[in-house]
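Report on one structure; see the data block that follows.
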Amino acid sequence: MPQVRTRMAPSPTGEYHIGGMRTLLYNYAFARKNNGKFILRIEDTDRERHVEGAAERLVRVIKDYGLNWDEGPEVGGPFEPYIQSQRLDIYKKHALDLINKGHAYYCFCTEERLEKMREEQRKTGLPTTKYDRQCLNLEKDDVEKRLNNGEPHVIRLKVPENEEIIVKDLILGEIKFNSQDIDDQVLLKSDGFPTYHLAVVVDDRLMEISHVLRGLEWLPSTPKHILLYKYFGWELPVYGHLPLLKEVGENKKLSKRMGSVSAQGFLEDGYLPEALLNFLMFLGWNPGTEKEIYSIEEFIQDFSLEKVQISDMASFDRMKLKWYNSYYIRNLSEDDFYNRLTEWSEKYNYDFKVNDYIRKYTKEYFLKVLKLIHERLQVFSDIKELTSYFFKDPVVNKDMLLEKSKDREAAKDILNSYINLYSEIIESDWNKENLDKRSHEVLLLKGFKTKEAFMTLRIALTGMEATPPLFDVLGLMKKEIVLKRLEDALSLVS
RNA sequence: GGCCCCGUCGUCUAGCGGUUAGGACAUCAGGUUUUCAUCCUGAAGAUCGCGGGUUCGAUUCCCGCCGGGGUCACCA
């Protein structure tokens, strides 16, 4: 059996899409699983949509997800270059080859004419708009002359009349197409760049790609590619088309309105790569068991094309992603949690820098805070809100504060009692256990209801209804801060 | 519109002729707890899109319909 070689071939036209990362992950895992090679190739053949620096960011984010490639940008390989804009003469040579074999032809039609043609086709209600082949049978001399004159032109594939083309898809099975429905695809653009269709076929062949795993959106153009393989006299790779990603319940592609869609965006939001990857694994694949927590190594072990879903869309359940992430955060050791958070805050977040907080409040204090919110943090970007009251006085909502006790007098009584208690406790006794004990004594003494008293205190001290255990929080705070906040709350309700 | 793909709890899925149709997320209830989170236990939730076949028997195979999606560029 020939070596398994897979590839991912993204276009540097913007931020790398999270769906692209899923497809990359499958290609990566399949190659690793079969002791093959995984190739990264940059498909930058669209000069108009090309975005400066996008290729560099692409490479960066793939590495940030913890993945790598055996051949491609930065690492090189036996089939260099791996950037299509540096392979222009290769594509041209192949396009010319097709012309010589009679499977392609020059076309001098202008954009304007093509637009007009389509306009008319639509009017006459033709079932599908295809190039009308005006340039198919130009005289050889005529073509020669126009080429010499430097007239703008493209090279088109000459699609056969009525031929059945069968796509053998490893995931979907055999799919039949008729060449009648296929347009005379442009192969080489007037700027000398190839279209995707030419470039992908030529490069996949030259780079000896054995398996093409790509998104389902490519299925309709696969017959064009098969035609090209045939005319070049090449053997086909194995195809597998993966379900597209959609927003939950929306039957739509991922939308920015629902959150991030770029691979980078999720890292910025504070998702861990291992959680992201675990989540991505299940977007179109399922082991058929009940195991849902997968490391990348386990995934490589269990991945198989047979288990890829036959489905048109895989649902990108952001809720479930959050669950995965909180699971992975919870399972970080305290050290790792601190280190990962710090690293993240330095790299992505401009609003919450761990190092700034450490400088201001000491690392010891910061670590204690972290310990309290560790299992409550779902994504790193929640850190600021979740810990705000440890670092600055909260804005307390008066109504929220009052509704926890019977009435205004009761609230004042509670606040007063605990101000008295806490002012008496000396610095050396200011710890969680003692505060807990003494606070409960006051409860008994004054006949306060536990819930009323402690909720009132919690809100007065943190401004929030949901926090870590009250005396954990109190024990961490300085005595004078506690007293100040209780006094503030008291004057708020007075 | 043409071509092509898909259709199982609220959501995502497992299933590859005979199952009490399994799991996860979400939801709800109970336990732990001063709140939240975690953790544990449990509940509810699917006439397997609809209608025909094939079969002793269809969620599973075939056909039609309906619904959703993808694609029809000198974009990938």
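Sequential numbering of the first sequence, starting at 5, is according to the working numbering.
Note that CB positions come from ideal geometry on N, CA and C, so glycine has one too.
Heavy atom of the ligand ZN within 7 angstroms of residue i beta-carbon
i: LEU258; result: The ligand ZN is not among the ligands present in this structure, which contains no ligands whatsoever.
Residue i, buried or exposed, once every other Cβ within 10 Å from all chains shown has been counted against 16
i: ILE169; result: buried
i: ARG462; result: buried
i: ARG334; result: exposed
i: MET459; result: buried
i: MET323; result: exposed
i: PRO247; result: buried
i: GLU251; result: buried
i: PRO156; result: exposed
i: ASP48; result: buried
i: GLU278; result: buried
i: PHE320; result: buried
i: ILE66; result: buried
i: THR454; result: exposed
i: ASN141; result: exposed
i: SER259; result: exposed
Separation of residue j from residue i, as counted between CA atoms
i: ARG209; j: TRP238; result: 8 angstroms
i: LYS228; j: ARG11; result: 19 angstroms
i: GLU116; j: ASN104; result: 28 angstroms
i: TYR422; j: SER495; result: 14 angstroms
i: SER385; j: LEU325; result: 14 angstroms
i: GLU78; j: VAL204; result: 20 angstroms
i: LYS127; j: HIS215; result: 42 angstroms
i: PHE395; j: LYS375; result: 15 angstroms
i: VAL486; j: ARG64; result: 46 angstroms
For residue i, three-class secondary structure by DSSP
i: ASP48; result: coil
i: TYR69; result: coil
i: TYR109; result: strand
i: ARG25; result: The question names Arg, yet the displayed sequence has Met at residue 25. DSSP places MET25 in helix when its eight states are reduced to three.
i: ILE429; result: coil
i: LYS41; result: strand
i: THR128; result: coil
i: GLY57; result: coil
i: ILE333; result: helix
i: ILE423; result: helix
i: VAL158; result: strand
i: GLY467; result: coil
i: MET12; result: strand
i: GLU75; result: strand
i: ILE387; result: helix
i: GLY80; result: strand
Under 8 angstroms between C-beta atoms of residue i and residue j
i: LEU425; j: ALA415; result: no
i: GLN125; j: THR114; result: no
i: LYS357; j: GLU368; result: no
i: VAL171; j: THR226; result: yes
i: PRO14; j: LEU62; result: yes
i: TYR109; j: LEU44; result: no
i: GLY288; j: ARG26; result: yes
i: ASP500; j: PHE42; result: Lying before the first or after the last residue shown, residue 500 is absent from the chain, which here runs from 5 to 498.
i: GLN189; j: LEU161; result: yes
i: LYS512; j: ILE304; result: It is not possible to answer for residue 512, since the shown part of the chain is limited to 5 through 498.
i: ILE22; j: PHE270; result: yes
i: LEU231; j: ALA99; result: no
i: TYR354; j: THR466; result: no
i: TYR243; j: ASP173; result: yes
i: TYR95; j: PRO16; result: no
i: GLY274; j: TRP327; result: no
*Counting only runs that start and end within the region 216-302, where is the beta strand (DSSP E) found for 3 or more residues in a row?*
Listed in chain order, they are 242-246, 248-251.
*Mind listing, in chain order, the continuous beta strand (DSSP E) runs of no fewer than 3 residues lying wholly within the region 305-330?*
317-320
_Length at least 3, wholly inside the region 168-210: the beta strand (DSSP E) runs in chain order_ = 168-173, 177-182, 190-192
*Where in the region 343-367 do unbroken runs of the beta strand (DSSP E), each at least 3 residues long, occur, reported from the N-terminal end onward?*
Uninterrupted beta strand (DSSP E) stretches at least 3 residues long and entirely within the region 343-367 do not occur.
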